[in-house]
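Undergrad: Position 97 of the sequence shown, counting from 1, maps to 97 under our numbering, and the rest follow consecutively.
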Amino acid sequence: MTGVFKAITIASLALAAPAFAGGDADKGAKVFKKCKSCHMIQDDAGNNIVKGGKTGPNLYGVSGRVAGSLDGFRYGKSLKSVAESGLAWSEEEFVSYVADPKKWLQKTLDDKKAKSKMSFKLKKEKDAANVWAYLVSVGPS
Numbered sequence: 001m002t003g004v005f006k007a008i009t010i011a012s013l014a015l016a017a018p019a020f021a022g023g024d025a026d027k028g029a030k031v032f033k034k035c036k037s038c039h040m041i042q043d044d045a046g047n048n049i050v051k052g053g054k055t056g057p058n059l060y061g062v063s064g065r066v067a068g069s070l071d072g073f074r075y076g077k078s079l080k081s082v083a084e085s086g087l088a089w090s091e092e093e094f095v096s097y098v099a100d101p102k103k104w105l106q107k108t109l110d111d112k113k114a115k116s117k118m119s120f121k122l123k124k125e126k127d128a129a130n131v132w133a134y135l136v137s138v139g140p141s
């Protein structure tokens, strides 16, 4: 009986895994073109991986970074509150955030008045997962 329970548990966990896990970095590089009007990717030495805008924060090393914590960037009040909680960017959080930043902040903070300075939405989960894979691929090792 325990073998059956174990098999059901494993199958359930596999089905519960996010559909967007394991994006394609090459496809993400193409999708990132939509992001570079506001975001750059610049390494710690100041080398531009992607020369982009400065409206949004530099996305170099975003994987594992505490949300809203990049030194020198002026985040909105709601994202600063997320930073205080210590929540770090993971693929799951990133994909959910870029789909609807305001909704993500409201849910994460349990605050219907939470707002985002980012108005752009990347609605396709696969596109967001691909961008995440790209950001991880160009980030620090």
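Think of the CB as a built atom: it goes at the ideal place given N, C-alpha and C, for glycine as much as any other residue.
Name, in chain order, the residues that DSSP records as bridge partners for Gln-106.
TA: Within the sequence shown, residue 106 is the residue found at index 106, counting from 1. Its beta-bridge partners do not exist; DSSP assigns none.
Undergrad: Given that a residue counts as buried once 16 or more other Cβ atoms are within 10 Å of its Cβ, and exposed if not, what is Ala-11?
TA: Taking the first residue of the sequence shown as 1, we reach residue 11 at position 11. Unreliable placement is indicated for Ala-11, whose pLDDT of 40 sits below 50; no coordinate value is reported for it.
Undergrad: DSSP puts Asn-48 in a beta bridge; with which residues?
TA: Against the sequence shown, residue 48 aligns to sequence position 48. Beta-bridge pairing links Asn-48 to Gln-42.
Undergrad: Give me, in chain order, the residues of the same chain whose beta-carbon lies closer than 6 Å to that of Trp-132; leave out the 5 immediate sequence neighbours on both sides.
TA: Counting from 1 along the sequence shown, the entry for residue 132 is found at position 132. So the qualifying residues of the chain are Gly-23, Glu-91, Phe-94.
Undergrad: What ranges does the alpha helix (DSSP H) occupy inside the segment 87–138, keeping only unbroken runs of at least 4 residues that lie completely in it?
TA: Fully enclosed alpha helix (DSSP H) runs of 4 or longer: 91–99, 101–109, 125–138.
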